[in-house]
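All remarks here apply to the structure that follows.
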Amino acid sequence: MNLTPVLTVIGVAAIAWAAVTSETSIQKPARADGRVVVTYWEKWSDFEFDAMRAVVNEFNNSQDKIFVEVLSVPNITQKTLLATSGGIPPDIAGLFGGNVAQYAYNNAVIPLDEFAAEAGINRDQYIPAYYDFCTYRGQLWCLPATPASTALHYNVDMLKAAGFDEPPKTLEDLDAMDKVIGRKDGDSLKSMGFLPTEPGWWPFAWPGFFGGKLWDGETKITMATPENIRAYEWMGSYSQRYGSATVSSFQEGFGTFKSPQNAFMDSKVAAVLQGVWMHNFITTFKPELNYSAAPFPYPADRPELANSTVLDLDILVIPRGAKHPKEAFEFIKFVQSQKGMEMLCLGQKKNSPLAKTSPGFLENHPNPHIKLFQSLAFSENAIAPPKTPIWAQWGDEIRTATQSINSGSKTAEQAMKDVDAKMQPLLDKVIRRERALGIYPEKTSEDNN
Amino acid sequence: MNKPGHLTNQTKAGLLFAAPWLIGFAVFLLFPLLKAFYNSFTEYTILTPPVWIGFENFADIFRDELFWKSLGNTFYYAFIAVPVSTVIAISLAMLLNTKVKGQAFYRTFFFLPALVPAVPLAILWLWLFNGEAGIINAIIEPIFGIRPNWLGDVNLAKNILIVMSAWGVGHAMVIYLAGLQQVPIALYEAADLDGASPLRKTFQITIPMLSPVIMFNVVMAIIGSFQVFTQPYIMFPGGAPERSTYFYSVYIYDAAFRDNRMGYASAMGWIMFLIILVLTLTAIKFMDKKVHYESN
Amino acid sequence: MAKRTLSQQNLLSVGAIHLVLGLLSIVFLIPLVWMISTSFKTVEQASVFPPVWIPDPFMGGNYKEAWEYGKDQLGGVAPMLIYARNSLIVCILAVTGTVISNSIVAYSFARLKWPGRDLAFAITLATMMVPFPVLMVPLFGLFKDFGWVGTFRPLWIPAWFAGAFNIFLLRQFYRSIPMELSEAAKIDGCSEWGIYSKVILPLTKPALAVVALFSFMGTWNDFLAPLLYLQQQETWTLAIGLQAFRSQAGGAPIHLQMAASTMVVAPVIILFFFTQKQFIQGIATSGLKG
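Protein chains in written order, with my numbering: chain A, 584 to 1032; chain B, 39 to 334; chain C, 13 to 302.
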């Protein structure tokens, strides 16, 4: 039997299918009801995404002109930048607070000042530290979605078993606790009291806990100050205590973050620096874990640094080239309302970025430690990433420097000097260009606030 | 028949048949290549028009420690992975060429790894070299009594990529095996009469006869390894540990699409192009001489 | 006596070769076996030390879990299904384009005479030295101007415009066909297109199969281009989807990573087993300069 005609038909059909599907599968049909479709890319997945989806549904049901279509887009920072560069940005993107300066500098987002003024949105309505994430060179580039503050999460049972009834108050207490709980079996670690690199999401923040600053906020990067060096020496002491290769192997054995095998949930590390969201993950993956949260410890000789916390903010931006900026802002405005914001924050079990909370918000909040996180957000010692377009590279250099310090290949001082030397020229270049464009005022408006 | 101003039928047909490539070459290759050359003298972000800055990008690049680091890593990889893989591939081919029974089976086994796409390849080897639960350490520990921290050690991490490339030599092996089968048996028979040892036969007959094939494939492999991207990008974010696995292509990608320094990235791209050009021409020249000399 | 020693020696060396080849086979296969083994384990068993080779219990359901991992984000459709469909779309279009365009162009370089042909061919060969990273940025800008970013077009349309490696490969085959065949057809009144499609093309099917195979492999494995051009999850190919398996939101557990990896590797290996002969011959030819 000659199969050639059959195969030819199959082949042609396959090609036709591929050609047609390659186009149809990416086209979005227009809505029959004539509503403007606003596309919204969000970084979240799972229950955090569900919470945002609920707010989107609420907005869509609240009016009949605009329809927001929310998509979960992993690796959002890169994907939004590529899409914006490629001329196909979404109308709204849910990015991270640390991205603002880079996006603004690169013309990748549009300023929201006029929209915000029209909607009566201003700084007074927010916890200042959160609002300030959104400004760069005197303009407003985003508005908050959900915020976060961080605290020491500790495993009550592990601490008790090691003889600690109270969480560590000072960093010296934390070190002492680690020395008791840290257990080595031959060449491999079984448990640690604390581990700076678990999860290690804010390697830039350690100086803040020691009163150090990464730069002068304007033109000069100052990584190699005594406070900063002290901070990174402290961080490195955890690797050196057990041997850096041992600690590194120990970490490779951790399960993925969102699983019961998470190092903290699996009782491998007794205490971690984590954000307000941690409660959500613990109740999902390890509800029986007996844990609590307390402000992150401070150096014993710097008691004024108590209540230091890393702040994080999820933000909403309108990328440049968005088709429906006006409609997009309508949704952003809805999220900024007391109702919309608290619905979102309750759904994601986080604190609120708004200066005032409705009665009952804190009392009925599902996170038992919410008052701690809410009060930390107002802390004088809040730590936020530097607002500069070179933050992606700078942050990467800091991460690399921490690897060198942990492995012992560089001293903290040397590593910090190297970061200074590498980053200062880049910052100089940015400022030179901003001066040329006239967008570098000698005094920026946020400094006056 | 061949009047000036008139194209012959063959010329017309020839150009028409070659048209897809002539267009593709102009649009997808020559134009971008020249555009990249222009961009390399500009500050450019795609979102803003290019601004001419002369040689500033190149001056910055040569002062950029990370550029040298990534270039060093890439050279290290290319100049260790390619020779190691080539030696392994030729050795395997020679073993298979002994015409033992089951040659086809062995060949299939050696070839299978070459089929594994880059992304699963990267994910798989991260898992194999995991310091805590990896199978490599499970094999090494009972024998050597050590448990190296492959992924976290500056001196070990980039060698993982070399091991991976050695694992995927199947492709090259098949080529060398075919090359070996083309070596005239008479040469070996003559050597046998002279009482030549197997080692001598290898270096006096096999390798010289194979040298044109080796040359071609080594050159292609070097060009390929200079562009290695997927594996390091997936396995070692940011070139961890301590940039020891930060490769040139990854840096270009980061500079262009993370930091929006498209002019800088274009300049780096052109430097890479020139390096490959020089290496390839050198290799061809060097190998040409060698090949001639040996076959005389 | 002397004869017997020789055959004993022979036997010994054959045995030694088998031993070496056998051991090496094991070394080459361990990673794949380990991948499959892990893919059937429970998450706890996946990370025990010393490792266990045979999964117990045997978790066949891992594959279903990996297939559907993260389906809530895609409106309940299994992400791997979408990725596989997208990979297939791109592969079919790219392979078709590669085969058609390269065979036409190679015909011109191999069997038609036109002024500048040899220079053009030399330049064609030289383009193999142009690394993709140098073209990456301008191509992105070009495809942006075409409005192709976010679609599959940047991944397959360029394939319809031939490429140096395949032109080179096919040219070797075309040149090995005697010119007399073409001349005879010409005398019979065939046009060049007629000669190409009726006389030469049928003779080059094996070579085209090789080009198709390579093109399929290249497209299936491609990571960088989809990474640049495909942003929304619904448009991802398997390579990008699999990477997200590792990096997205803290990453999927290792046993699911391995199950998903196995599912991406399997089609390639199956294809190999069905086309082994063409595959091996094709590689040999490509590396031997024809």
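Every residue, glycine too, gets a C-beta built ideally from N, C-alpha and C. Fair warning: this is a prediction, and the values are worked out from it, not measured in the lab.
- With contacts defined by Cβ atoms closer than 8 Å, R258 of chain C and I272 of chain B form a contacting pair.
- Contact residues of the region 22 to 37 of chain C toward chain B are S25, V26, I29, H30, V32, L33, G34, L36 and S37 (C-beta to C-beta distance below 9 Å).
- The C-beta of Q293 of chain C comes no closer than 8 Å to any C-beta of chain A.
- Against chain C, the CB of M132 of chain B has no partner CB under 8 Å away; the residue lies outside that interface.
- A distance below 8 Å separates the beta carbons of E816 of chain A and A995 of chain A.
- Comparing alpha carbon positions, the residue from B:G217, B:D292, B:M247 and B:Q242 closest to L134 of chain B is B:G217.
- For P588 of chain A, the nearest beta carbon of chain C is not closer than 8 Å to its own beta carbon.
- DSSP places E887 of chain A in no beta strand (DSSP E); its state is neither H nor E.
- Bounds of any beta strand (DSSP E) do not take in E910 of chain A; it lies within the alpha helix (DSSP H) bounded by P908 to Q919.
- With a 10 Å radius around the Cβ and a threshold of 16 neighbouring Cβ atoms, D740 of chain A comes out exposed.
- With a threshold of 8 Å between beta carbons, L723 of chain A makes no contact with chain C.
- With fewer than 16 other Cβ atoms from the protein chains shown falling within 10 Å of its own Cβ, D230 of chain B counts as exposed.
- Within the model, the alpha-carbon separation for L872 of chain A versus N738 of chain A is close to 8 Å.
- When rounded, the separation of the alpha-carbon atoms in V651 of chain A and I675 of chain A is 9 Å.
- For the region 952 to 980 of chain A, the beta-carbon criterion of a distance under 9 Å to any beta-carbon of chain B is satisfied by P972, I973, A975, Q976, D979 and E980.
- The alpha carbon of S891 of chain A has as its nearest neighbour, out of A:D647, A:Q823 and A:Q957, the alpha carbon of A:Q957.
- Contact with chain A is found for P265 of chain C, since one of that chain's Cβ atoms lies less than 8 Å from the residue's Cβ.
- If you draw a straight line from the Cα of I243 of chain B to the Cα of S235 of chain B, it comes to about 11 Å.
- F679 of chain A: member of the beta strand (DSSP E) spanning I675 to F679, first to last residue.
- Per DSSP, P58 of chain B is not a residue of any beta strand (DSSP E); the alpha helix (DSSP H) it occupies stretches across N47 to F63.
- Each residue's CA atom was taken as its position, placing G128 of chain C and I94 of chain C some 46 Å apart.
- For E1017 of chain A, the closest Cβ of chain B is not nearer than 8 Å.
- If you look at L164 of chain B, you'll find it in the alpha helix (DSSP H) that goes A156 to L166.
- For T136 of chain C, same chain residues with a beta-carbon under 8 Å away, outside a window of 5 residues either side, are F121, A176, I179 and F180 in chain order.
- Within its own chain, the residues whose Cβ lies closer than 6 Å to the Cβ of S282 of chain B, once the five positions on either side in sequence are excluded, are V192, A195 and K196, listed in chain order.
- Contact with chain C is absent for A911 of chain A, since none of that chain's Cβ atoms lies less than 8 Å from the residue's Cβ.
- Against chain C, the beta carbon of G670 of chain A has neighbours under 9 Å at K156, D157, G159, V161 and G162, listed in chain order.
- Y144 of chain B belongs to the set of residues whose beta carbon lies under 8 Å from a beta carbon in chain C.
- For I200 of chain B, the enclosing alpha helix (DSSP H) starts and ends at V192 to W205.
- With at least 16 other beta carbons inside 10 angstroms of its own, N77 of chain B counts as buried.
- Counting the other Cβ atoms within 10 Å of the Cβ of P972 of chain A gives 16 or more, which makes it buried.
- Bridge pairing for S875 of chain A: A:Y737 [DSSP].
- Secondary structure at R123 of chain C: helix, using DSSP grouped into helix, strand and coil.
- If you keep only unbroken beta strand (DSSP E) runs of at least 3 residues inside the region 816 to 878 of chain A, you get 852 to 858 and 874 to 877.
- In the three-state DSSP reduction, D230 of chain B falls in the helix class (H, G or I).
- When the five nearest sequence neighbours on each side are left out, the beta carbons in the same chain lying within less than 7 Å of the beta carbon of G307 of chain B are those of A74 and I290, in order along the chain.
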